[in-house]
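Top line first, the protein sequences correspond to chains X, W and U.
Count the first sequence with the numbering used here and you get residues 1 to 258, in order.
Count the second sequence with the numbering used here and you get residues 1001 to 1271, in order.
Count the third sequence with the numbering used here and you get residues 2001 to 2264, in order.
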Amino acid sequence: MIELFYRRQALFLGTLSMIGIVVLWQIAVDGGFINPFFISTPSQVWAEFIVQFEDGQVAANVSATLYCFAWSMGLATVAGILLGMLAGWFPDVEAALEPFIWFKYSAPTVAFYPLFVAWLGYGTPTIIAIAFLFALTPIYANTLSGIKNTDRDLAKAARSFGAKPFDIFLRVALPGSVPVMMAGLRLGVGRALTGVVVAELFGANAGLGYAITYYGQLMQTAKMMVSIVIVILLGVILTQILSFMESKTDSWRVDSGR
Amino acid sequence: MRSAEMTAAPAETRQISLSFLRPSRSTVVGLVAVLLFLILWQIAPSMGWVNGRFTSRPTEVFFAALDIFRNDSFLYHARISLTEFVAGFALAIVVSIPLGVLLGTSKIARYLIDPPLMALYIAPTLVLLPILVIWLGIDMAPKIAVVFLGAVFPIVLNTMAGMSEADSRLLRMARSFGASRFDIFTRVLVPGSLPALLTGIRLAVGRAVLGVVVGELFVSQAGIGYQLNLYGQAMRIDRLLVYALIVSAFGYTLTIMVRSVENKIRDWRSK
Amino acid sequence: MAQIEIRDLGIDYRKPKSNEVFSAVDGVALSIERGEFVTIVGSSGCGKSTLLMAVAGLVNLSRGSIRIDSKEVIGPGPDRAVVFQEASLLPWRSVRGNVKFGLEMQRWNGGDLNERAMQMIRLVGLGRFSDYHPHQLSGGMRQRVNIARALAVDPEVLLMDEPFGALDAQTREIMGTELLRIWERDKKTALFVTHDIDEAIFLADKIVVMGRNPGHIKEVIKVDLPRPRDEAVLDSEDFNNLRRRLRAHLAEDMSSMQLVQEVA
Chain X
1 MIELFYRRQA LFLGTLSMIG IVVLWQIAVD GGFINPFFIS TPSQVWAEFI VQFEDGQVAA
61 NVSATLYCFA WSMGLATVAG ILLGMLAGWF PDVEAALEPF IWFKYSAPTV AFYPLFVAWL
121 GYGTPTIIAI AFLFALTPIY ANTLSGIKNT DRDLAKAARS FGAKPFDIFL RVALPGSVPV
181 MMAGLRLGVG RALTGVVVAE LFGANAGLGY AITYYGQLMQ TAKMMVSIVI VILLGVILTQ
241 ILSFMESKTD SWRVDSGR
Chain W
1001 MRSAEMTAAP AETRQISLSF LRPSRSTVVG LVAVLLFLIL WQIAPSMGWV NGRFTSRPTE
1061 VFFAALDIFR NDSFLYHARI SLTEFVAGFA LAIVVSIPLG VLLGTSKIAR YLIDPPLMAL
1121 YIAPTLVLLP ILVIWLGIDM APKIAVVFLG AVFPIVLNTM AGMSEADSRL LRMARSFGAS
1181 RFDIFTRVLV PGSLPALLTG IRLAVGRAVL GVVVGELFVS QAGIGYQLNL YGQAMRIDRL
1241 LVYALIVSAF GYTLTIMVRS VENKIRDWRS K
Chain U
2001 MAQIEIRDLG IDYRKPKSNE VFSAVDGVAL SIERGEFVTI VGSSGCGKST LLMAVAGLVN
2061 LSRGSIRIDS KEVIGPGPDR AVVFQEASLL PWRSVRGNVK FGLEMQRWNG GDLNERAMQM
2121 IRLVGLGRFS DYHPHQLSGG MRQRVNIARA LAVDPEVLLM DEPFGALDAQ TREIMGTELL
2181 RIWERDKKTA LFVTHDIDEA IFLADKIVVM GRNPGHIKEV IKVDLPRPRD EAVLDSEDFN
2241 NLRRRLRAHL AEDMSSMQLV QEVA
């Protein structure tokens, strides 16, 4: 038993602290240390969750958020990888894109939110556009560096066997940069979700971000906390999925690569 | 295979003496791209490709900028946003560095606090904005809190990583000379984790700037984000762009500054 | 009595995953006289580094004892200094800063730290490089700094853990000669771990040959080659005989190692 504890120490203590937080939260409010109006309690949030789950609100909000998330992540993946590959392979493309990427890096995308509203109107298209821009940068940057840092020795070896540039791109550069690209996608997922929810905070008629603002304006903390907790859980779950896929591609590389 | 060959070594040695006279190819290409973009942006509305009301023009933005800088209230709004940024960021540094040190040096603390910390790091902390407004009102306080929340996690996690992943060979070497725990901490762990700490700060800058803008866009009575919202709703795209560019320039400058310190410190790392 | 007395030494490790206990070193007894240069040679996994680290006071003993000048070793002490294999220089400190590190840790009070450090840096031939940082130095130069740092604290016993293990063959030879030159000055007791046979003979007054499973001493060989030595000694008849003897030992170990690998 003790041995098992030592081997799974991280897991045990991690679970313990999560439970601890929930219990403390409940006690702090029940004991009168914090006004429930500010933070609600886990039991109230759970009760609210059941209510929202049964009347279909949870499903509606989660699916609205995931819909925008899927679109923006899909677009960002396609655009990011495509641009990243072009820029990674052709130095001129990289040089031409560089100033814009730097601008994008340092500009909080949200600053352009009013602009997108002006162009696309309130709602889904604006949300997707914002989240797309949020997710684009890490995907592009990682693809670029993956292709650019193609193993010179491998490329040389391929060339010595008579491989043409395109062959090298397809068979050396591209497979070699898959793990870095996956890391970019993992970062992108977190940012896309942030983008969707933040854009929903400002203007939407469905979605988790919308629910948070809506109940926030009504000062109904418990109802609001339901969506906040769901967003946090979604972020963790999506990132975990990508981390898992990333570790898969990485292990494959170590096995066959060196 | 030109990508490999064009970056090969000989070019470096030969061009060094003239490099300041003859800008590199990539600089030229970058400048041309920006110029083309500006020209296209300038003429597109006149050619009827886009509606100028929605896109404005570079010249309009330029004149709007002149107008805004002459306008006193710019400094007022900038000062408010800057105060929120500095307060939140300073608070984040004060809290996150000791916390990162604790987590980096104590395994038990790390196991206990890491999961909730990771969850908050991954999750969009900005969703807490509405609840922060309930707690703290609509003045500067909730924005300071959002900046704090955005900045604190990258710094904690990077400090922690820098400490806990210290080179075991250096630790052993220090012990062999009879170094005390305190000596090891101040002379090996702290200098060794400095680059990681700076990386954390650099990542935190971006999140903090985002926090200010989102916080002010969400609800505010003054600040750069307030102005953004105002001109967005008034469809004054030129002015909106000026403020957006100011925020970009701010984030960009700060990031570059931290990065240059980071690079200097990293210099001693193996090349 | 000898300066260093190792008696019935055993060191056990617990494997991190399976919790299995295995002995890195067992039943080791060894005495080293003051001023002796002792090399420890053996194939990888024979516990030679573990033995050295035990003398340094950096690993816990499971059985037996180590005494230096009749004092039991219970941890690192100012009477010993270690030269590590590589990458043990603080990358953010200059050459001088690194050499000063040991002095700082031991609260050196024998005069000005900078002067003492510079003296040692000149001794190892790096006078011009005292302000360089480790990443600007070659592997050989880095090991010179490593040696200077250990010498600076003026230890009774110098412990060296494959200090030239990561260097190329030529640099390695030069460094060996250099080390002897420095050592001849005040002939401190030296314990030097290596897996290189020539190096082991060239430096030693006494060679300790170790074997595996668990790490134990197979033989202790006296080396009577005249000092001071230079590269010419490498071609002498006596040197060749010693080399043959050590090779036979190591070859024996290799064949048993292959068996172990096949079973595993």
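From the three backbone atoms N, C-alpha and C, an ideal C-beta is built for every residue, glycine too.
Computed from a predicted structure; not experimentally measured.
*On the three-state DSSP scale, how would you describe Phe2084(U)?*
coil
*Shortest alpha-carbon distance to Leu187(X) belongs to which of Tyr67(X), Leu238(X), Leu174(X), Tyr214(X)?*
Leu238(X)
*Name the DSSP beta bridge partners of Thr2194(U), please?*
Val2041(U)
*asked:* Looking at Val1050(W): is its Cβ nearer than 9 angstroms to the Cβ of Ala1092(W)?
replied: no
*What's the C-alpha gap between Phe2192(U) and Thr1105(W)?*
33 angstroms
*asked:* Short of 6 angstroms in beta carbon distance, which residues of its chain neighbour Ala2204(U), apart from the five on each side in sequence? Order them along the chain.
replied: Phe2037, Thr2039, Val2223
*Contact set between Gly2077(U) and chain W, taken where Cβ atoms lie within less than 7 angstroms*: Gly1178
*Check whether the Cβ of Pro42(X) lies closer than 9 angstroms to any Cβ atom in chain W.*
no
*Pairing CB atoms from the segment 1131–1138 of chain W with CB atoms from the segment 1161–1181 of chain W, are three or more of them under 8 angstroms?*
no
*CB contact flag (Gly2140(U), Thr2171(U), <9 angstroms)*: yes
*asked:* By alpha-carbon positions, which one of His2195(U), Glu2252(U), Ala2002(U) ends up nearest to Lys2071(U)?
replied: Ala2002(U)
*Using DSSP bridges, identify the partner residues of Leu2009(U).*
Val2028(U)
*Could you give the DSSP three-state label for Phe2022(U): helix, strand or coil?*
strand
*Hey, is Asp1114(W)'s beta-carbon within less than 9 angstroms of any beta-carbon in chain U?*
no
*asked:* Taking 9 angstroms as the threshold (beta carbon to beta carbon), is Ile54(X) in contact with chain W?
replied: According to the sequence shown, residue 54(X) is Glu rather than Ile. For Glu54(X), the answer is no, since every Cβ of chain W falls outside 9 angstroms of its Cβ.
*Is the segment 129–140 of chain X touching the segment 1228–1240 of chain W, taking contact as three or more C-beta pairs under 8 angstroms?*
no
*chain U partners of Thr1173(W), CB-CB under 8 angstroms?*
Here residue 1173(W) is Met; the residue named in the question, Thr, does not match the sequence. Residues of chain U passing the Cβ test: Val2082, Phe2084, Ser2088.
*Would you say the segment 165–173 of chain X touches the segment 93–113 of chain X, given that touching needs at least three Cβ pairs under 8 angstroms?*
no
_Below-9 angstroms beta-carbon distance, Leu1129(W) vs any chain X residue_ = yes
*Determine the direct distance from the alpha carbon of Phe2084(U) to that of Phe1177(W), and round the result to whole angstroms.*
12 angstroms
*Tell me which same chain residues have a C-beta within less than 8 angstroms of the C-beta of Thr1255(W), skipping the five on either side of it?*
Arg1202, Val1205, Gly1206
*asked:* I'd like to know if Gln2170(U) contacts chain W, where contact means its C-beta is closer than 9 angstroms to some C-beta of that chain.
replied: no
_Here's the rule I'm using: 16 or more other beta-carbon atoms within 10 Å means buried, otherwise exposed. How should Ala2248(U) be labelled?_
exposed
*In terms of residues, what are the limits of the alpha helix (DSSP H) holding Met2001(U)?*
That residue, Met2001(U), is in no alpha helix (DSSP H); it is neither H nor E in DSSP.
*Run through DSSP, which three-state label would Met2189(U) get?*
Note on residue identity: the sequence assigns Thr, not Met, to residue 2189(U). Three-state result, Thr2189(U): strand.
*How would you list, in chain order, the residues of chain W whose beta-carbon sits under 7 angstroms from the beta-carbon of Gly2102(U)?*
Phe1177
*Of all Cβ atoms in chain X, is any one closer than 9 angstroms to the Cβ of Asn1229(W)?*
yes
_Bridge-paired residues (DSSP) for Gly1223(W)_ = Gly1223(W) is not bridged to any residue.
*Quick one: is Pro1124(W) near chain X, going by C-beta distance under 9 angstroms?*
yes
*Could you have a look at Ile27(X) and say whether DSSP puts it in helix, strand or coil?*
helix
*Return yes when the Cβ of Gly1088(W) is within less than 9 angstroms of the Cβ of Gly1150(W), no when it is not.*
yes
_Please report the straight-line C-alpha distance between Asn2251(U) and Val2028(U), rounded to a whole angstrom._
According to the sequence displayed, residue 2251(U) carries Ala and not Asn. Taking the straight line from one Cα to the other gives about 21 angstroms.
_7 angstroms Cβ cut-off: residues of chain X touching Trp1135(W)_ = Phe38
*chain X partners of Val1034(W), CB-CB under 7 angstroms?*
Pro99
_Rounded C-alpha distance that separates Asn2019(U) from Ile1144(W)_ = 49 angstroms
*Based on the DSSP output, what are the partners of Arg2014(U) in its beta bridges?*
Val2021(U)
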